[in-house]
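Participant: Protein chains in written order, with UniProt numbering: chain R, 1 to 338; chain B, 1 to 338.
Ideal Cβ positions, reconstructed from N, Cα and C, are used throughout, including at glycine.
These numbers were taken from a predicted model, which means no experiment stands behind them.
There are 2 protein chains.
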Amino acid sequence: MKNKLSINDIAKALQVSKTTISFILNGKAEEKRISKDLTERVIKFIKENDFRPNQLAKSLSTGKTFTIGLMVEKISDYFFAQIAYHVEELANKSGYKIIYCSTENDTQKTKELIKLFAERHVDGFIITPPVGIEKEIKDLMQNDIPVVLFDRFFTDFNTSYVVMDNYESTYKAINYLITTKCANIAFIELESDQNQMTERKRGYVNAMNENRLTPNILRIPFSNDKKQTILQITSFLADNIQLDALFFATNYLTMHGIKAIHNRGLKIPHDISIVAFDDHDFFDIYTPSITAVAQPIQEMAQQLINILLNDISSRKRTIQQKVVPAKLILRDSTIRKI
Amino acid sequence: MKNKLSINDIAKALQVSKTTISFILNGKAEEKRISKDLTERVIKFIKENDFRPNQLAKSLSTGKTFTIGLMVEKISDYFFAQIAYHVEELANKSGYKIIYCSTENDTQKTKELIKLFAERHVDGFIITPPVGIEKEIKDLMQNDIPVVLFDRFFTDFNTSYVVMDNYESTYKAINYLITTKCANIAFIELESDQNQMTERKRGYVNAMNENRLTPNILRIPFSNDKKQTILQITSFLADNIQLDALFFATNYLTMHGIKAIHNRGLKIPHDISIVAFDDHDFFDIYTPSITAVAQPIQEMAQQLINILLNDISSRKRTIQQKVVPAKLILRDSTIRKI
DNA sequence: TAATCATTATAAACCGGTTTAGCAAATTAA
DNA sequence: TTAATTTGCTAAACCGGTTTATAATGATTA
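1. What's the C-alpha gap between S314 of chain B and F157 of chain B?
2. Which class does E189 of chain B belong to by DSSP, given the choice of helix, strand or coil?
3. Under 7 Å between beta-carbons, which chain B residues line up against T287 of chain R? List them in chain order, please.
4. Closest to E189 of chain B by C-alpha separation, out of B:T180, B:K201 and B:A13, would be which residue?
5. Report the residue ranges of all alpha helix (DSSP H) runs contained in full by the segment 155-228 of chain R; include only those spanning at least 4 residues, in chain order.
6. Y78 of chain B lies in the alpha helix (DSSP H); which residues open and close that run?
7. Under the rule that 16 or more other beta-carbon atoms within 10 Å means buried, what is N8 of chain R, buried or exposed?
8. Drop a sphere of 10 angstroms on the beta-carbon of R212 of chain R, count the other beta-carbons inside from all chains shown, and report buried for 16 or more, exposed for fewer.
9. For a contact meaning CB atoms closer than 8 Å, what does F45 of chain R contact in chain B?
10. Is the beta carbon of L328 of chain R less than 8 Å from the beta carbon of K93 of chain R?
11. Got a sec: is the Cβ-Cβ distance from S35 of chain B to anything in chain R below 8 Å?
12. Could you spell out the range, first to last residue, of the beta strand (DSSP E) harbouring A57 of chain B?
13. So what's G69 of chain R in DSSP terms, helix, strand or just coil?
14. With a CB to CB cut of under 7 Å and the five nearest residues on each side skipped, what residues in its chain are close to V205 of chain B?
15. What are the boundary residues of the alpha helix (DSSP H) that T39 of chain B is part of?
16. Pull up the CB-CB distance for A292 of chain B and L243 of chain B, whole angstroms please, since I reckon it's below 8 Å.
17. Is the shortest distance between the beta-carbon of H270 of chain R and the beta-carbons of chain B less than 8 Å?
18. Looking at the strands, I want to know which residues DSSP matches up with S102 of chain B.
19. What did DSSP end up calling S17 of chain R once you bin it into helix, strand or coil?
20. Whose C-beta lies closer than 7 Å to the C-beta of M300 of chain R among residues of the same chain, with five residues either side of it excluded?
21. Taking beta-carbon pairs under 9 Å, can you tell me which members of the segment 232-247 of chain R lie near chain B?
22. Less than 8 Å between the beta carbons of S333 of chain B and I268 of chain B, yes or no?
23. What is the DSSP secondary structure of S273 of chain B, reduced to helix, strand or coil?
24. Given this structure, state the Cα-to-Cα distance separating D77 of chain B from V72 of chain R, to the nearest angstrom.
25. Report the residues of the UniProt domain "HTH lacI-type" (5-62) of chain R with a CB closer than 8 Å to any CB of chain B, ordered along the chain.
26. Taking 8 Å as the CB-CB cut-off, is I220 of chain B touching chain R?
27. Which bits of chain B does residue 355 of chain R rub up against, with CB to CB less than 8 Å?
28. Select from R:D37, R:T20, R:F117 and R:P53 the residue whose C-alpha is nearest the C-alpha of K4 of chain R.
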């Protein structure tokens, strides 16, 4: 139908050069000494015809797309979905749009996705990196494209990132459990050597050791489905009847762990206490409510956007690293034992 | 660093016209009768230098961006996050990327966002429309931009959409509750006149009337926060002590309702049965597990992408409307009363 | 009165692709 | 042997903006 107006059409209609229109559109009327009169005529025309410049053309000539690539492990996971929400909100305020994808923590897939985003000229990346994409990240940085990692990072090379203090928050949570008279505390984690996971484990092991307690770790394979996970935890509980508490390293594990505990006929917190890493709406609703190490999601999103937009707009790239503190939200699942 | 290669650079390096390169890149070498020899030389060069055409330039000249605009009420909500995940997965297979935003169900915000997406030339829209954006949708369609609504639609004008059979699924769920000997069944809903909500209510009211039971509806204002909602449901329960069952029209209401039931000291399903609209991981884990009307999320995503991509690639626009059946997942919260 | 400066506006190149129209040489048909 | 066709390739316009360099006019200054 109504074919979209272009800057050329306006130039023709108003008998003015497109250069002039462009200057006015970009608020350079004064600077470029376009007369008040003409400026107003053009603005009037633009308003009346609801002219919106073609962003593709703009991007092609300026090299800026006002688009951020958000690459998370899985967009539907509670934590990432929350991050996606806040990141979009904040980005939107500065005129940025978000293009996203789920990496599934798959190295090859992620490499390809980075290329796809790069050829669309996103202005910057937010990435939860799987293992083995150091080179691709390096390439981006060398091509002067801002990147902020989050949730995890590479210990062996220097990038901007926003992560939680995985070590400290786990360490504190375990110590808290110990103050509630728990001694046999197991750590249930996903098989993963990524640093967010290893740090959580380090926090657990250190807290245990410092209290002369023996660490007891259950590793769940990545390939497990829900049923398998529940079964595995159930049999772990059967093999370790003396357990006082479980610390789950991710909120999905907590979900499955609760089911397993239920299967074994154990009562929380009477028979066993639990702490979840990552909060979830559900933990507050569940009876008993579940104590959780809560990532400050909104703050993380804010940091991500701050670092990224700052990096995008500044001439020279900087490395910024934020470790944000978590909050241990005490609920009924860790009530002090008698 | 390494400045990105352009088609012009290749043309220069190989002493060949950019037209030729473009033809070869687009698989038109044979059609355009480029010699095998030259074709191979070009392809070799492209591979060796890992050349990736600038998608912006491509989009500018072809008018296609291979980008879909996904506008949902709130990307972090369980249902929408799931949809986002599957939509991206499926779109990705066809080379499409997703740009998203949360409308917050705000009419004005949504209007603006539609314009922002349109000026970025998305190839198509997936939208959960708030009220009052009929004109904007119409405009898109008149401008020949494919749009598929989902979760809800406008009864008074014709668009493509993918929705659930809100009426039928609620009707069936209520009838099921009645077979479990519930008679005093209340319907807890958000104040909303959007059709997905009114249809659910219609299903409830009809099922009740047909069984000569009296409908009892609690409307929760949109402006409520979590605490207010819990309080409101709690006092509703206090005022209606004879209730046998509650039907919650959204899964967030269920969350809050469970808390309210707990506050009142009622046991599910012994004292009161509950059914949730929209499933949630949590409903399966909760004790008792919660019966829910489950939207077939993956199927909806598939339908959305099918309709949209089909519309994008076909010359003439078509209207396609899919009403997908929900599944009533029976769990412990609706165990038959004695 | 000529030189200089401000003011106002524009032509043209550019970003990096696609596509139309057409040319020259080689081959085939008449 | 000449005309017609096929083969192989490209110049140039286009998509819709931005930006640099410069022109034309009128006002000031020396």
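Facilitator: In this structure, then:
1. As a first step, residue 314 of chain B must be located in the second sequence, where it is residue number 314. As a first step, residue 157 of chain B must be located in the second sequence, where it is residue number 157. S314 of chain B and F157 of chain B have their C-alpha atoms spaced approximately 22 Å apart.
2. Indexing the second sequence from 1 puts residue 189 of chain B at position 189. E189 of chain B sits in a strand when the DSSP states are folded into three classes.
3. The count along the first sequence starts at 1 and reaches residue 287 of chain R at position 287. Those are H262, listed as they occur along chain B.
4. In the second sequence, counting from the first residue as 1, residue 189 of chain B sits at position 189. Of all alpha-carbon atoms in B:T180, B:K201 and B:A13, the one lying nearest the alpha-carbon of E189 of chain B is that of B:K201.
5. Complete alpha helix (DSSP H) runs here, min 4: 166-179 and 195-210.
6. For the purposes of this step, residue 78 of chain B is taken as residue 78 along the second sequence, with counting starting at 1. Counting along the chain, the alpha helix (DSSP H) containing Y78 of chain B begins and ends at Y78 to K93.
7. By 1-based counting over the first sequence, the position of residue 8 of chain R is 8. Only exposed fits N8 of chain R, as fewer than 16 other CB atoms lie within 10 angstroms of its CB.
8. On the first sequence, position 212 is the one that residue 212 of chain R refers to. Exposed: under 16 other Cβ atoms inside 10 Å.
9. Residue numbering aside, residue 45 of chain R sits at position 45 when the first sequence is read from its first letter. Neighbours of F45 of chain R in chain B, taken as residues at a C-beta separation under 8 Å, are lacking, since the least C-beta distance is about 18 Å.
10. Counting from 1 along the first sequence, the entry for residue 328 of chain R is found at position 328. Counting from 1 along the first sequence, the entry for residue 93 of chain R is found at position 93. Between L328 of chain R and K93 of chain R, the gap from beta carbon to beta carbon reaches 8 Å or more.
11. Here residue 35 of chain B refers to the residue found at position 35 when the second sequence is read from its first residue. Not an interface residue.
12. Along the second sequence, one-based indexing puts residue 57 of chain B at 57. Bounds of any beta strand (DSSP E) do not take in A57 of chain B; it lies within the alpha helix (DSSP H) bounded by Q55 to T62.
13. The residue labelled residue 69 of chain R in the question sits at position 69 within the first sequence. If DSSP states are grouped into helix, strand and coil, G69 of chain R belongs with the strands.
14. One-based indexing of the second sequence puts residue 205 of chain B at position 205. These residues qualify, in order along the chain: P215.
15. Position 39 of the second sequence, counted from the start, is the residue given in the question as residue 39 of chain B. Here the alpha helix (DSSP H) through T39 of chain B covers K36 to E48.
16. Indexing the second sequence from 1 puts residue 292 of chain B at position 292. Indexing the second sequence from 1 puts residue 243 of chain B at position 243. That pair is no contact at about 19 Å.
17. Along the first sequence, read from residue 1 onward, the residue named residue 270 of chain R stands at position 270. Chain B contact via Cβ: absent.
18. Here residue 102 of chain B is taken as the residue at index 102 of the second sequence, counted from 1. Answer is B:V72.
19. Position 17 of the first sequence, counted from the start, is the residue given in the question as residue 17 of chain R. Coil.
20. By 1-based counting over the first sequence, the position of residue 300 of chain R is 300. The residues are I83, F150, V162 and V324.
21. The residues in question: there are none.
22. Within the second sequence, numbered from 1, the residue matching residue 333 of chain B stands at position 333. Within the second sequence, numbered from 1, the residue matching residue 268 of chain B stands at position 268. In this structure, S333 of chain B lies near I268 of chain B, with their beta-carbon atoms less than 8 Å apart.
23. Working through the second sequence from its first residue, we reach residue 273 of chain B at position 273. In the three-state reduction of the DSSP assignment, S273 of chain B falls in the strand class.
24. Within the second sequence, the letter at position 77 stands for residue 77 of chain B. Within the first sequence, the letter at position 72 stands for residue 72 of chain R. Cα to Cα, the separation comes out at about 17 Å.
25. Against chain B - using a Cβ distance shorter than 8 Å - the residues of the UniProt domain "HTH lacI-type" (5-62) of chain R are R52, P53, N54, Q55, L56, A57, S59 and L60.
26. Residue mapping note: residue 220 of chain B aligns to position 220 of the second sequence, counting from 1. No, no contact with chain R.
27. This structure cannot settle anything about residue 355 of chain R, because the visible part of chain R is limited to 1 through 338.
28. What you label residue 4 of chain R is simply residue 4 of the first sequence in a count that begins at 1. Scanning R:D37, R:T20, R:F117 and R:P53 for the CA closest to the CA of K4 of chain R turns up R:P53.
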